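Final position of the sequence shown in my numbering is 492; the numbers increase by one with none missing. Only one structure is covered here, and it is reproduced in the block below.
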Amino acid sequence: MKIVFCASEGVPFSKTGGLADVVGALPQALAANGHEVQVILPRYKATKPAKVHPNGRSVTLALSGSFRYANVQDAGESGGVRTYLVDLPQYFDREGLYTVNGKDHPDNHLRFAAFSLACIEFLKRSGTAPDILHCHDWQSALLPVYLKSLYRGDDFYSKTGVVFTIHNIGYQGLFPPSILPEISVDSSLYTMEGLEFWGKVNLLKGGLVYSDYITTVSRKYAEEIQTAEFGYGLEGILAKRADRLQGILNGVDYDVWSPANDKHIAAKYGPQDLAGKQACKKALLQAMGAASPVLDRPVIGIVSRFAAQKGFDLIAGIAEQLMAMDLYIVALGTGEPQFEELFRTMAAKYPDKFLVRVGFDVALSHQIEAGSDMFLMPSRYEPCGLNQIYSLKYGTVPVVRATGGLDDTIEPFGGKTGTGFKFSDYTPEALLGAIEQAVACYRQPKAWRQVMINGMKKDFSWSNSAKQYIKVYQAARKTKSELKAASAASNA
Ligand code: ADP
Ligand code: GLC
């Protein structure tokens, strides 16, 4: 199959969170199964392609009643996957992928409408229609909308199956209805069955309504988003399309995330030889400025977007109790000001135990995975979560809330089996209970070694999930050819 990913971020070109890791790795796992896979991303200011190849194309986009020109650059092939970058400096050559100084770019609707149209036009000009267009989150949710409206009569895309993946239903791309003419969407789509959502235009909803199949990134989250607690108002539409909705767990690119070959860490290690992990712990504590590192004190690592989703209000509730315990917190993150403030304040108050870096730092994120003893993810909701899965391979024992992908990937340690510590109630007390349990286990070296090794032996590589995606693609193609046959018959 010819499969094309259209997404707003992907490593190594751009990244704010886990979407980028998925878009960087899943296409390669699909290519390894013999498929032709391409990825199309915006070219941001921070996007640094190693080399731009000459066979790019320029495309014309009709938006807001005028024409814009995008240059779609060929950024080369890696792991059997070719990546194209939509170069539209007016929209993408600026600070911040989606926000700047904590605020959304005011023209996000135009930016991602232009990106979506550029993908559609570029593929048309390339001559061969994709069998599958795979779109991700609200930023590329306009592709299915355009294919069902502006390009409805266009034979080129008539056999293309469209798959839409929800990485996070908490971000929906909500805009006032006045944007519709600006993004070339006809007002006839602004209905309850279409893009309308409580008086606003909801772009994510467009992706859910107009795609052939919908996936999300864990089995449990696929169930959760059909409920009012987790669906953010879209539970009804998802329940209606439940026969087209599937949860497929994200995988891990172990070429990037493994202590056996991680280029960012102080010493390599694996389950047979854990000595390197202690060296990584020492290096991490030193890098974070611990005055005289105490190596038998457990380090609890955090690497996260600082967003309400991630459960930091729970940490705020027990921060003082944590600091009364014999442990270190090492946190890296950036995001909402109130959480940045919380972490900065705690770091200032406990400079030897609460070690914080506010910012986005890929190398440090790897060093925290390797140098910590435990990894904390107390999320309110978590579609999949990648860091807890990375942590397993690094022998860094996850302490997680039992929600979404965290629940699907971490089994509670029961003395022999299990890979981490889990709590269910969204309360500071429940979180504290799980941390106390983990710290008590850490003090029993034999049991601790067991839980570490159990996790390190787990395999979450992409190959299994890639096979599940291929089945969804095949179903989406089948739906499309049946639809085409049906419409040919009715026109005959
Ligand atoms: P989400 O996509 O919701 O942010 P995930 O757990 O799926 O959560 O993925 C987060 C990804 O982003 C991981 O690769 C993590 O290491 C990375 N990450 C998050 N915050 C930072 C940061 N401040 N610096 C570097 N990497 C980060
Ligand atoms: C989202 C989710 C996260 C998931 C990631 C990749 O950002 O918040 O849980 O792992 O997408 O699918």
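Every residue, glycine too, gets a C-beta built ideally from N, C-alpha and C. As the structure is a prediction and not an experimental result, all values here were calculated from the model.
1. Any heavy atom of the ligand GLC closer than 7 Å to the beta-carbon of residue 513?
2. Would you tell me roughly how many angstroms separate the C-alpha atoms of residue 377 and residue 401, rounded to the nearest one?
3. Using the three-state DSSP reduction, which class does residue 241 fall into: helix, strand or coil?
4. Just how far apart, CA to CA, sit residue 481 and residue 492?
5. Could you tell me which residues DSSP puts in a beta bridge with residue 74?
6. What do you reckon, is the C-beta of residue 223 under 7 Å from a heavy atom of the ligand GLC?
7. Is residue 497 near the ligand ADP - that is, is its Cβ less than 7 Å away from at least one heavy atom of it?
8. Quick check on the burial criterion: 16 or more other C-beta atoms within 10 angstroms. Buried or exposed for residue 193?
9. Over what stretch of residues does the beta strand (DSSP E) that includes residue 148 continue unbroken?
10. Quick one: what's got a C-beta closer than 6 Å to residue 285's C-beta in the same chain, skipping five residues either side?
11. Out of 112, 408, 363 and 445, which one is the CA nearest neighbour of residue 182?
12. Give the range of the alpha helix (DSSP H) segment to which residue 489 is assigned.
13. On the three-state DSSP scale, how would you describe residue 99?
14. Using 8 Å as the threshold, is the C-beta distance between residue 109 and residue 179 below it?
15. Could you pull out every unbroken beta strand (DSSP E) segment of at least 3 residues lying fully inside the region 6-50, listed in chain order?
16. In angstroms, rounded to a whole number, what distance separates the CA positions of residue 311 and residue 123?
17. Determine the closest residue to residue 127 out of 57, 168 and 116, with distance taken between C-alpha atoms.
18. Considering only heavy atoms of the ligand GLC, does any lie closer than 7 Å to the CB of residue 53?
19. Taking 8 Å as the cut-off, does the region 22-42 touch the region 463-471 (at least 3 CB pairs, one atom from each stretch)?
20. Let me know if residue 227 comes out buried or exposed under the rule of 16 or more other beta-carbons within 10 Å of its beta-carbon.
21. Which of the three DSSP states is assigned to residue 417 in this structure?
22. Excluding five sequence neighbours on each side, which residues of the same chain lie with their C-beta closer than 7 Å to the C-beta of residue 186?
23. Looking at the structure shown, is residue 428 part of a helix, part of a strand, or coil, going by DSSP?
24. According to the Cβ coordinates, are residue 173 and residue 203 closer than 8 Å?
25. Please report the distance separating the alpha-carbon of residue 158 from that of residue 206.
26. Is the beta carbon of residue 360 sitting closer than 8 Å to the one on residue 336?
27. What number of angstroms, rounded off, separates the C-alpha of residue 214 from the C-alpha of residue 244?
28. Confirm, please, whether the CB-CB distance from residue 254 to residue 461 is below 8 Å.
29. Over the uninterrupted beta strand (DSSP E) stretch that includes residue 384, give me the two end residues.
30. Mapping the DSSP letters down to three states, classify residue 193 as helix, strand or coil.
31. Express the C-alpha separation of residue 385 and residue 18 in angstroms, rounding to a whole number.
32. Is it the case that the region 89-96 contacts the region 44-63, given that we only count it when at least three CB pairs across the two stretches are under 8 Å?
So, from the listed chains and residues:
1. Summary: the structure shown does not reach residue 513, with the chain confined to residues 1 through 492, and so no result is reported for it.
2. The sequence position of residue 377 within the sequence shown is 377, counting from 1. The sequence position of residue 401 within the sequence shown is 401, counting from 1. So the alpha carbons of these two residues sit roughly 7 Å apart.
3. The residue you call residue 241 lines up with position 241 of the sequence shown. Coil, per DSSP.
4. Counting from one through the sequence shown, the residue named residue 481 turns up at place 481. Counting from one through the sequence shown, the residue named residue 492 turns up at place 492. Distance between the alpha carbons of residue 481 and residue 492: 16 Å.
5. Here the question's residue 74 lines up with position 74 in the sequence shown. For residue 74, which the question treats as bridged, DSSP gives the partners 53 and 84.
6. Counted from its first residue, the sequence shown places residue 223 at position 223. No, the Cβ of residue 223 stays beyond 7 Å of every heavy atom of the ligand GLC.
7. This structure gives no information on residue 497, because the portion of the chain shown stretches from 1 to 492.
8. Walking along the sequence shown from the start, residue 193 turns up at place 193. Label assigned to residue 193: exposed.
9. Taking the first residue of the sequence shown as 1, we reach residue 148 at position 148. Unbroken run through residue 148 is the alpha helix (DSSP H), 142-148; no beta strand (DSSP E).
10. Here residue 285 is taken as the residue at index 285 of the sequence shown, counted from 1. If we look at residue 285 and ignore the five residues flanking it on each side, its Cβ neighbours are 293.
11. Walking along the sequence shown from the start, residue 182 turns up at place 182. The candidate whose alpha carbon is nearest that of residue 182 is 112.
12. For this step, residue 489 is matched to residue 489 along the sequence shown. Taken as a continuous stretch (DSSP letters only), the alpha helix (DSSP H) holding residue 489 covers 462-491.
13. Residue 99 sits at position 99 when you count from the first residue of the sequence shown. Reduced to three states, the DSSP call for residue 99 is strand.
14. The residue you call residue 109 lines up with position 109 of the sequence shown. The residue you call residue 179 lines up with position 179 of the sequence shown. Taking 8 Å as the Cβ cut-off, residue 109 and residue 179 qualify as a contacting pair.
15. 36-42
16. For the purposes of this step, residue 311 is taken as the residue at position 311 of the sequence shown. For the purposes of this step, residue 123 is taken as the residue at position 123 of the sequence shown. Whole-angstrom Cα-Cα distance: 41 Å.
17. Taking the sequence shown and counting its residues from 1, one reaches residue 127 at position 127. Closest by alpha carbon: 57.
18. If you number the sequence shown from 1, residue 53 lands on position 53. Not so, every heavy atom of the ligand GLC lies at least 7 Å from the Cβ.
19. yes
20. Counting from 1 along the sequence shown, the entry for residue 227 is found at position 227. Exposed: under 16 other Cβ atoms inside 10 Å.
21. If you number the sequence shown from 1, residue 417 lands on position 417. If DSSP states are grouped into helix, strand and coil, residue 417 belongs with coil.
22. By one-based count along the sequence shown, residue 186 stands at place 186. Around residue 186: 149.
23. Your numbering for residue 428 matches position 428 in the sequence shown. Helix, per DSSP.
24. Here residue 173 corresponds to residue number 173 of the sequence shown, with the count starting at 1. Here residue 203 corresponds to residue number 203 of the sequence shown, with the count starting at 1. Against a cut-off of 8 Å, the Cβ pair of residue 203 and residue 173 comes out as a contact.
25. Your numbering for residue 158 matches position 158 in the sequence shown. Your numbering for residue 206 matches position 206 in the sequence shown. The straight-line gap from Cα to Cα measures roughly 19 Å.
26. Residue numbering aside, residue 360 sits at position 360 when the sequence shown is read from its first letter. Residue numbering aside, residue 336 sits at position 336 when the sequence shown is read from its first letter. With respect to residue 336, residue 360 sits apart: the two C-beta atoms are not nearer than 8 Å.
27. In the sequence shown, counting from the first residue as 1, residue 214 sits at position 214. In the sequence shown, counting from the first residue as 1, residue 244 sits at position 244. Each residue's CA atom was taken as its position, placing residue 214 and residue 244 some 6 Å apart.
28. For this step, residue 461 is matched to residue 461 along the sequence shown. For this step, residue 254 is matched to residue 254 along the sequence shown. Yes.
29. Your numbering for residue 384 matches position 384 in the sequence shown. From DSSP, residue 384 is part of no beta strand (DSSP E); its letter is neither H nor E.
30. Within the sequence shown, numbered from 1, the residue matching residue 193 stands at position 193. Annotated three-state conformation of residue 193 is coil, per DSSP.
31. Sequence index remark: in the sequence shown, residue 18 carries index 18 (1-based). Sequence index remark: in the sequence shown, residue 385 carries index 385 (1-based). Roughly 7 Å between the two C-alpha positions.
32. yes
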